[in-house]
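Colleague: The opening position of the sequence shown corresponds to residue 13 in my numbering, with each subsequent residue numbered one higher.
C-beta atoms are modelled at their ideal positions from N, C-alpha and C, and glycine is treated no differently.
Quantities reported herein were computed from a predicted structural model and do not represent experimental measurements.
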Amino acid sequence: MKLNLRRLKRHPRESEEFLISSPGNVQFLDQLGGDFAAPIEGGVSVENTGSMFIGQGRLKTKVQIPCSRCLQEFIYPVETELAIVLVEGEKSSLVNPNEDFVSFDGDEADIDFELQQAIFMALPIRPVCNDDCQGLCPICGQNKNAQPCSCQEDKTDPRWAKLRDLR
Ligand SMILES: [Zn+2]
Ligand SMILES: [Zn+2]
13 MKLNLRRLKR
23 HPRESEEFLI
33 SSPGNVQFLD
43 QLGGDFAAPI
53 EGGVSVENTG
63 SMFIGQGRLK
73 TKVQIPCSRC
83 LQEFIYPVET
93 ELAIVLVEGE
103 KSSLVNPNED
113 FVSFDGDEAD
123 IDFELQQAIF
133 MALPIRPVCN
143 DDCQGLCPIC
153 GQNKNAQPCS
163 CQEDKTDPRW
173 AKLRDLR
């Protein structure tokens, strides 16, 4: 997804609204075993400060990711903010290199990576399909949401078991 800054470049101190629509890059979610279930959509307001372009916006999408308890894939709706800084190639040296910004040449700035990153940051570390998800039985592997199993779970904390053995 590229933002065309041709008009805004000629108007320092002005802002322009851009619509965002991107299918989402699957590779980014691959490491989670996930996939996009809807395009990334939203909008961003970009201001030309004279030396750079600063964008603030909102994004939403739906991703399909595996539940950390039962491993079943489920749809997780994402709504998050987008903050981007775009700097024209020749002005890049004026910007603090520790700052995160997109360098671009010509009229178009590619913000795909920033979109993926914003979505990625909005995902939970341990996604659960449902707060009541029972997960998998650690003994037989049965998905306990579908059917309870008859395993007798040993509720003893293994650390206490160790202590008992020492006695
Ligand atoms: Zn689950
Ligand atoms: Zn079981």
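For Ile131 and Val90, which I take to be in contact (beta-carbon distance under 8 Å), what is that distance rounded to the nearest angstrom?
Modeller: The residue given as residue 131 occupies position 119 in the sequence shown. The residue given as residue 90 occupies position 78 in the sequence shown. That pair is a contact at about 6 Å.
Colleague: Return yes when the Cβ of Asn60 is within less than 7 Å of the Cβ of Leu31, no when it is not.
Modeller: One-based indexing of the sequence shown puts residue 31 at position 19. One-based indexing of the sequence shown puts residue 60 at position 48. Not closer than 7 Å, so no.
Colleague: Would you mind working out which of Asn108, Pro35 and Asp47 sits nearest Gly54, comparing C-alpha positions?
Modeller: By 1-based counting over the sequence shown, the position of residue 54 is 42. The residue with the shortest Cα to Cα distance from Gly54 is Pro35.
Colleague: Taking the alpha-carbon positions, what's the Gln159 to Cys152 distance?
Modeller: Locating residue 159 in the sequence shown gives position 147, counting from the first residue. Locating residue 152 in the sequence shown gives position 140, counting from the first residue. Each residue's Cα considered, the two are about 12 Å apart.
Colleague: Going by the CB atoms, is the gap between Cys79 and Asn181 shorter than 7 Å?
Modeller: Because residue 181 is not part of the residues shown, which for the chain are 13 to 179, the question remains open.
Colleague: Within its chain, find whatever has a CB closer than 6 Å to the CB of Gly262; leave out the 5 residues flanking it on each side and keep chain order.
Modeller: Residue 262 is absent from the model: the chain starts at 13 and stops at 179.
Colleague: Nearest-angstrom Cα distance between Ala50 and Phe86?
Modeller: Counting from 1 along the sequence shown, the entry for residue 50 is found at position 38. Counting from 1 along the sequence shown, the entry for residue 86 is found at position 74. Roughly 13 Å between the two C-alpha positions.
Colleague: DSSP on Ile77, reduced to helix/strand/coil?
Modeller: One-based indexing of the sequence shown puts residue 77 at position 65. DSSP places Ile77 in strand when its eight states are reduced to three.
Colleague: May I ask you to report which of helix, strand or coil DSSP gives Arg70?
Modeller: The residue given as residue 70 occupies position 58 in the sequence shown. Here Arg70 sits in strand by DSSP.
Colleague: Is Gln154 near ligand 2, going by C-beta to nearest heavy atom under 6 Å?
Modeller: For the purposes of this step, residue 154 is taken as the residue at position 142 of the sequence shown. Indeed, a heavy atom of ligand 2 lies less than 6 Å from the Cβ.
Colleague: Does Leu17 come out as helix, strand or coil in the three-state DSSP assignment?
Modeller: Within the sequence shown, residue 17 is the residue found at index 5, counting from 1. DSSP places Leu17 in the coil class of the three-state scheme, outside both helix and strand.
Colleague: What residue range is occupied by the uninterrupted alpha helix (DSSP H) comprising Ile131?
Modeller: For the purposes of this step, residue 131 is identified with residue 119 of the sequence shown, where counting begins at 1. Where Ile131 is concerned, the enclosing alpha helix (DSSP H) stretches over Asp124 to Ala134.
Colleague: Just confirm the distance between the C-beta atoms of Leu17 and Phe65, as a whole number of angstroms; I'd bet it's less than 8 Å.
Modeller: Translated into positions along the sequence shown, residue 17 becomes position 5. Translated into positions along the sequence shown, residue 65 becomes position 53. The pair is a contact, with the Cβ atoms about 6 Å apart (cut-off 8 Å).
Colleague: Is Arg138 near ligand 1, judged by its Cβ being under 6 Å from some heavy atom?
Modeller: For the purposes of this step, residue 138 is identified with residue 126 of the sequence shown, where counting begins at 1. No, Cβ of Arg138 sits at least 6 Å from all heavy atoms of ligand 1.
Colleague: Across which residues does DSSP place Phe113 in a beta bridge pair?
Modeller: Locating residue 113 in the sequence shown gives position 101, where the first residue counts as 1. Paired residue(s): none; Phe113 is not in a bridge.
Colleague: Should Phe125 go down as buried or exposed, given a rule of 16 or more other Cβ atoms within 10 Å for buried?
Modeller: Position 113 of the sequence shown, counted from the first residue, corresponds to residue 125. Of the other Cβ atoms in all chains shown, fewer than 16 fall within 10 Å of the Cβ of Phe125; this residue is therefore exposed.
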